[in-house]
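Below is one structure; the comments refer to it alone.
Number of protein chains: 2
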Amino acid sequence: MGQRTSRSGTTPTAPADARGRGRPIDAAKLAAVRAAAESLFKTRGFDGVAIEEIAAAAGVSKVTIYKHFGGKDELFRQAVEAKCAQYWPEVVFDTQVRTDLKLRLRSFGIGFVGLVTSADVVSFFRLMAMQARDGSDLSQRFWEAGPERTLQRLAHLLDAAQQDGELRRLDPVRAAKQFITLLQGEYQLKCILGVIDAPGRATIKRHVDEAVDVFLRMYAA
Amino acid sequence: MGQRTSRSGTTPTAPADARGRGRPIDAAKLAAVRAAAESLFKTRGFDGVAIEEIAAAAGVSKVTIYKHFGGKDELFRQAVEAKCAQYWPEVVFDTQVRTDLKLRLRSFGIGFVGLVTSADVVSFFRLMAMQARDGSDLSQRFWEAGPERTLQRLAHLLDAAQQDGELRRLDPVRAAKQFITLLQGEYQLKCILGVIDAPGRATIKRHVDEAVDVFLRMYAA
DNA sequence: CAATTACTGAACTGTATCGTACACTTATTC
DNA sequence: GAATAAGTGTACGATACAGTTCAGTAATTG
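Listed in order, the protein sequences are those of chains X and B. First residue of the first sequence? That's 1 in my numbering, and the numbers climb one at a time after it. First residue of the second sequence? That's 1 in my numbering, and the numbers climb one at a time after it.
In structure tokens, the structure reads:
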């Protein structure tokens, strides 16, 4: 509501709301609510967190939450969607510099495995799994915002490598899927199921090296 | 309570309880409770199912449940552990007959992928993921009873194939992990997250064929 | 039949939580 | 300072659910 500007001379990029005569909306509080909701929902699920708990964590009254977010469902949805948008940072692709392909793949692999086995992402996967059970469509968007985008990027990387003659002829998407699959190995699922903790740096490195070797054995030019 | 036998001359393997003078325990009812609990918990999680609902589904009074199982937690634990023990049937290894290795691997693969993407197993994975979040140890036992046992079997199969000269020298467990990883591909995780439905027979077959080809390219003698 | 034990139905206690109502305070504009 | 809207705290209503109590019924043994 209220995307309209009642006056004329304000920068259109400024927070367009809070234009009334009364006390302005405290954006910091809303941000705190969103942050608390993200954090709590992520680690404890939709049930398992009471609205009042979020309010307390955000240093905000419960009523304020109900004023700004319709209710618990809406707050959850917003928190999750925000997280989706922000997720899967570019970090993993820091290595676009033109080094040896094997090194690039290793670097990507270490970033990728570290990410998908991190406590943060693992929690999120669990949350999405729960959502899926309840027939929500949130996990769809999560998948597209995260894993799918990463896959596309990797496919581009491989395609470029192929055109540079570093790899033999391949279907980039298929090869990317296979590489990612090799990288996930048993670790991702085991982490999600809580069978193991997040593997340490050394373990990841060893595993990634092996995965890269296997992959290059399949696709090296 | 009451593991002691008040008399002496009964077979120790027989159901030792139900030895009173009064009305005997109705084993069918207990079985019905366990079945209902399994089914409901699996599809809807620990919260999400009320005890009275289980009682109704089993055609049993709530009090009966509390008499025989300590409470909701205990019932849940028993139901899950029973499911673990029964899971991962031998079906997947029906193909121990000595056919061509490629055919054996394909057959195993089709069974395996079909199983881990089935609605039943997917529900169970989700349940275990939720349990993991709450720090339960149930998923550990699930993993050992299911995936880990399957892995060991496959490793034996590969080991035998290697000794028959059908595969080149390999580390059976490592190779088994790699094959399983290839089989899971993107499908298992996508199913768990509800991004896709269980793939159909044709899709599975295509995917498995590809995975087997890749695997044999790596390990064929 | 009497004793004994399993089981039922319904009522009840206690707790947790969603969402709302109300009286009040605080920050802002005119 | 008035008007106005955001935010607070407390209390409340409604609902759901775990677990218990109790009076009564059903099935078994001696």
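Beta carbons: idealized from backbone N, C-alpha and C, even for Gly. Note that this is a predicted model, so its numbers are computed, not measured.
Between the region 97-105 of chain B and the region 18-27 of chain B, the count of Cβ pairs shorter than 8 Å is below three; the stretches do not touch.
Taking the C-beta atoms as reference points, residue 190 (chain X) is found no nearer than 9 Å to residue 110 (chain X). Straight-line spacing of the CA atoms in residue 113 (chain X) and residue 26 (chain X) works out to 39 Å.
With 16 or more other Cβ atoms inside 10 Å of its own Cβ, residue 208 (chain X) counts as buried. Taken through DSSP and simplified to helix, strand or coil, residue 170 (chain B) comes out as coil. Of the residues assessed, residue 107 (chain B) falls on the buried side of the cut-off, its CB having 16 or more other CB atoms within 10 angstroms.
Rounded to whole angstroms, the separation of the alpha carbons of residue 216 (chain X) and residue 125 (chain X) is 29 Å. Assignment of beta-bridge partners to residue 129 (chain X) by DSSP yields no partner. The C-beta of residue 99 (chain X) has fewer than 16 other C-beta atoms within 10 Å across all chains shown, which makes the residue exposed. Rounded to whole angstroms, the separation of the alpha carbons of residue 202 (chain X) and residue 69 (chain B) is 45 Å.
At a Cβ-Cβ threshold of 9 Å, residue 72 (chain X) and residue 51 (chain X) count as neighbours. Runs of the alpha helix (DSSP H) spanning 4 or more residues and lying entirely within the region 41-88 of chain B occur at 51-58, 62-68 and 72-86, in chain order. The beta carbon of residue 189 (chain X) sits closer than 9 Å to some beta carbon of chain B. If you compare the alpha carbons of X:45, X:35 and X:220 with that of residue 134 (chain B), the shortest gap goes to X:45. DSSP places residue 111 (chain X) in the uninterrupted alpha helix (DSSP H) bounded by 101-116.
Against residue 195 (chain X), the close residues of chain B are 139, 140 and 143, in the order they occur along the chain (beta-carbon pairs closer than 7 Å). Annotation for residue 84 (chain B): 141, 142 and 145 place their beta carbon closer than 6 Å to its own, counting only its chain and skipping 5 residues before and after. In the DSSP annotation of this structure, the continuous segment of the alpha helix (DSSP H) that includes residue 159 (chain X) starts and ends at 149-163. X:173 is the residue among X:42, X:118, X:139 and X:173 whose C-alpha sits nearest the C-alpha of residue 154 (chain X). In the three-state DSSP reduction, residue 221 (chain B) falls in the coil class, being neither helix nor strand.
Annotated as proximal: residue 35 (chain B) and residue 58 (chain B), with beta-carbon spacing under 9 Å.
Among the residues facing chain X, residue 38 (chain B) is not included, as its CB has no counterpart in that chain under 9 Å away. Contacts with chain B at 9 Å (Cβ-Cβ) do not include residue 86 (chain X).
About 5 Å separates the CB atoms of residue 192 (chain B) and residue 129 (chain X); that is less than 8 Å, so the two are in contact.
Not a single C-beta of chain X is nearer than 9 Å to the C-beta of residue 203 (chain B).
For residue 168 (chain X), same chain residues with a beta-carbon under 8 Å away, outside a window of 5 residues either side, are 162, 219, 220 and 221 in chain order. With a threshold of 16 other beta carbon atoms within 10 Å, residue 186 (chain X) meets it and is buried. The beta carbon of residue 196 (chain B) is closer than 6 Å to those of 190 in its chain, skipping five residues each way along the sequence. Scanning chain X for C-beta atoms nearer than 7 Å to the C-beta of residue 64 (chain B) yields nothing, as the closest lies near 27 Å away.
Our two residues, residue 62 (chain X) and residue 55 (chain X), have alpha carbons roughly 5 Å apart in a direct line.
Interface with chain B (9 Å Cβ-Cβ cutoff): residue 41 (chain X) is excluded. Counting every other CB atom within 10 Å of its CB across the protein chains shown gives residue 38 (chain X) a total of 16 or more, marking it as buried. Across the set X:171, X:136 and X:184, the C-alpha of X:184 shows the shortest separation from the C-alpha of residue 116 (chain X). Taking a C-beta distance under 9 Å as the contact criterion, residue 160 (chain B) and residue 182 (chain B) do not qualify as a contact pair. If you draw a straight line from the Cα of residue 49 (chain B) to the Cα of residue 165 (chain B), it is about 53 Å long.
Membership of residue 139 (chain B) in the alpha helix (DSSP H) is indicated by the continuous run 138-143.
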